[in-house]
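The numbering of the sequence shown is our numbering, which starts it at 1 and goes up by one. To start, the structure itself, in structure tokens.
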Amino acid sequence: MFKTNSLRASPRLLVILGLCILPVSVLGQFWQGNTDGEYANLDQDYPNNYNNYHYPQYQGMGPYGQQQQQPQGQATVSSNADSDEDLDPEDVAFMKTYMQKFEYTSSTRGVEDPEETRIAIMRLQKMAGLTPTGMFNNETIARIRNSKRCGNSDKPVDTNEMRRRRYAIQHGWSKRKITWAVKNYTPDMQRATTTRVLVTSFQVWSDVAMLEFQQTKFPRADILVQFARGNHGDGYAFDGQGGTLAHAYFPGDGIGGDVHFDEDESFTDETMRGTNLFIVAAHEIGHSLGLAHSDVSSSLMAPYYQGYQSSFSLHTDDIKGIRSLYGARNQPPNRPRPPPGKPTIPNKGPKDRSICNARINTVAYGTIAGQPTPTLYIFSGEQFWVKRGNDAVSNALQTESVFVDMQDIPDAAFIRTFRGQKRMVFFSGSKIWEFSQGVYQPRNILERTGIRTNKIDAAFKWARNNKIYLFSRGLYWRLDENTMRAESGYPRVIKDNWRGRPGPFNAVWTENKDRTSYFLIGGQVSTFKDNEVYFVTPKKSFASDWLMCGQNIGSGTNAPITVSGTLLLASTLAAMKGML
1 MFKTNSLRAS PRLLVILGLC ILPVSVLGQF WQGNTDGEYA NLDQDYPNNY
51 NNYHYPQYQG MGPYGQQQQQ PQGQATVSSN ADSDEDLDPE DVAFMKTYMQ
101 KFEYTSSTRG VEDPEETRIA IMRLQKMAGL TPTGMFNNET IARIRNSKRC
151 GNSDKPVDTN EMRRRRYAIQ HGWSKRKITW AVKNYTPDMQ RATTTRVLVT
201 SFQVWSDVAM LEFQQTKFPR ADILVQFARG NHGDGYAFDG QGGTLAHAYF
251 PGDGIGGDVH FDEDESFTDE TMRGTNLFIV AAHEIGHSLG LAHSDVSSSL
301 MAPYYQGYQS SFSLHTDDIK GIRSLYGARN QPPNRPRPPP GKPTIPNKGP
351 KDRSICNARI NTVAYGTIAG QPTPTLYIFS GEQFWVKRGN DAVSNALQTE
401 SVFVDMQDIP DAAFIRTFRG QKRMVFFSGS KIWEFSQGVY QPRNILERTG
451 IRTNKIDAAF KWARNNKIYL FSRGLYWRLD ENTMRAESGY PRVIKDNWRG
501 RPGPFNAVWT ENKDRTSYFL IGGQVSTFKD NEVYFVTPKK SFASDWLMCG
551 QNIGSGTNAP ITVSGTLLLA STLAAMKGML
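Okay, here's the thing in structure tokens:
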């Protein structure tokens, strides 16, 4: 703020400067409501030199980038005298404040240099996909006022480096396996849908770079995902519907890597209506991994929201950026041709080795809506894995994050067909859950089925007669799939009717392709021929023969590993929408 007594000796200079002063009443319209500390002074060092994208109490830049200061008195910014258009003064004031907020210009300097301002306007126009004229015009103002965008700063990371490349990077994680968790879910869509969208958003980056993502429970994660409104505790309040949609923090401790979505937006999936969660999430995760905004307007990391895309593919600029931080996903090595008549055996070992030593609680098998490939769902503790057809086993996913509020560990599970609709059915203790269209229906087993027991060991639908069988200790029941009620004449003794197998079983499932059922006891599987009604010997190892844990594990790039991990899980979850 200039003081008049310092200009007493030069009245001509006072007049010139007076013409350059923006009325505080106009600028105040933008800053009002930010007295809660959103743009407070940041005057403390953040440990470990993570000076960017952290809480304001740790100096440095928040999602908006700049070292924020509350404007006081009158702002000294230059006019738009070099524009040929007759512009509304409020629009000009808005644009200048916008440029300060997203760090095209400085908010701490006095009178701006006209050439620097022209260059800053050109950069803003380029970031917005407009012809860079270096002057405010109605096209630029309309584009900025009417566009939704990311809340992170547009400040170039390194001006010299940016001349040689288009993408912008800050710093990445020092590891390749990164965990993430959801702090809270948006009510705009089902939790299972939100999880699927987030999994797919992470997959966008792991498909092209040496990255692996693992969902875990809140708060034990590198990246926390949160939906919030207005002032949500990090010093960078959201602005309501429209405007900024989300912001994220660069890699680091504490809040580093976290992603915040503005809950005032209407988030949607696979529709032109509302705000597409996938596009926004994939962009923000790019920040969480260390990418800044790109000036390639068609890239994912461009600052402006691009809307729903039915056939999304990552721009080469984004690919180059993420690979500069983590390296490219390795290509399959050149291998010598195998001898004639000896087929090449692809690497099918699970990417997530933890399943090889996991204690399996239960297994469910079947096809689901929109996914004709039979799929094996393997549950252990609070996690589950997916194995689709002959593909490799996916990474683990938290059961509760997909099957909403399923907090108990399942004892048994199977996929039920009712009126043409697929339902995942769980048993845990004396309770039964049926999941359909994202709705869970917990009930007492006795009330639902007429069976008096406090634990079901295994459950499956037998392809031989399309009946549901429940096993508990040494007994079993047969249920009608439509009514889910036990039939008369049951329970019966397992060893009297299942060729001497006494139970209890960990899991039972039928694979329709060869009319064969499998009984899992511990880590061993007994094969039962449905048509001939007898068990085949010898037993097989579930870890080796189904999970391929005996296979060597490569970098995750040899066929068919290229479709394993998050990609396999994402495509399977996409098909589960009809069931969940």
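Just so you know, even glycine gets a beta-carbon here, dropped at the ideal spot from N, CA and C.
Annotation note: the stretch 96 to 152 contains the following uninterrupted alpha helix (DSSP H) runs of length 4 or greater, listed N- to C-terminal: 114 to 127, 138 to 146. In this model, GLY257 and ASN231 are separated by some 19 angstroms (Cα to Cα). Put simply, the backbone Cα of ASP480 is about 11 angstroms away from that of PHE418. Rounded to whole angstroms, the Cβ separation of ASN184 and PHE227 is 6 angstroms, and the two are in contact under 8 angstroms. Residue pairing from DSSP places HIS247 in a beta bridge opposite HIS260. ASN454 sits close to GLY429, with the two beta carbons spaced by under 8 angstroms. The three-state secondary structure of TYR326, taken from DSSP, is helix.
Contact annotation: the stretch 112 to 119 does not touch the stretch 258 to 271, with fewer than three C-beta pairs closer than 8 angstroms. The stretch 234 to 246 and the stretch 205 to 213 do not touch, with fewer than 3 CB-CB distances between them shorter than 8 angstroms.
Checking the DSSP bridge columns, you'll see GLY366 partnered with THR375. Distance between SER153 and VAL199, taken at the CA atoms: about 26 angstroms. Relative to LYS217, the option among GLU382, ARG515, PHE528, GLY274 whose CA is nearest is GLU382. A distance of 8 angstroms or more separates the beta carbons of ILE451 and TYR476. The three-state reading of DSSP puts LEU198 in helix, counting H, G and I together. Non-local beta-carbon contacts of THR195 in its own chain, meaning distances under 6 angstroms to residues more than five positions away in sequence, involve SER401, VAL402 in chain order.
In this model, HIS247 and CYS150 are separated by some 6 angstroms (Cα to Cα). For the pair of segments examined, the stretch 123 to 132 was found not to touch the stretch 170 to 190: the number of CB pairs separated by less than 8 angstroms stays below three. DSSP places LYS175 in no beta strand (DSSP E); its state is neither H nor E.
Within its own chain, the residues whose Cβ lies closer than 6 angstroms to the Cβ of GLY134, once the five positions on either side in sequence are excluded, are ARG118, ILE121, MET122, listed in chain order. With contact defined as three or more Cβ pairs closer than 8 angstroms, the stretch 502 to 510 and the stretch 482 to 489 are not in contact. Residue environment: ASN395 is assigned as buried (16 or more neighbouring CB atoms within 10 Å of its CB, all protein chains considered). For ALA364 and ALA459, the gap between their C-alpha atoms comes out near 8 angstroms.
Residue range 383 to 388 is occupied by the beta strand (DSSP E) that includes ARG388. Counting only runs that start and end inside the stretch 197 to 233, the beta strand (DSSP E) elements of at least 3 residues fall at 212 to 215, 223 to 228.
When secondary structure is reduced to three states using DSSP, PHE418 falls in the strand class.
By the Cβ-count criterion, GLU284 is buried, with 16 or more other Cβ atoms from all chains shown falling within 10 Å of its own Cβ. Here DSSP, grouped into helix, strand and coil, assigns ILE355 to helix. For VAL525, the enclosing beta strand (DSSP E) has its first and last residue at 524 to 529. In the three-state DSSP reduction, ASN276 falls in the strand class (E or B).
By the 16-neighbour rule on beta-carbons within 10 angstroms, MET272 is exposed.
The three-state reading of DSSP puts VAL402 in helix, counting H, G and I together. The criterion of a C-beta distance shorter than 8 angstroms is satisfied by THR516 and PHE528. If you look at SER313, you'll find it isn't in any beta strand (DSSP E); DSSP assigns it neither H nor E.
Per DSSP, LEU446 is one residue of the alpha helix (DSSP H) stretching across 445 to 449.
A distance below 8 angstroms separates the beta carbons of ALA128 and TYR304. Counting of Cβ neighbours within 10 angstroms places ARG220 among the exposed residues, the total staying below 16.
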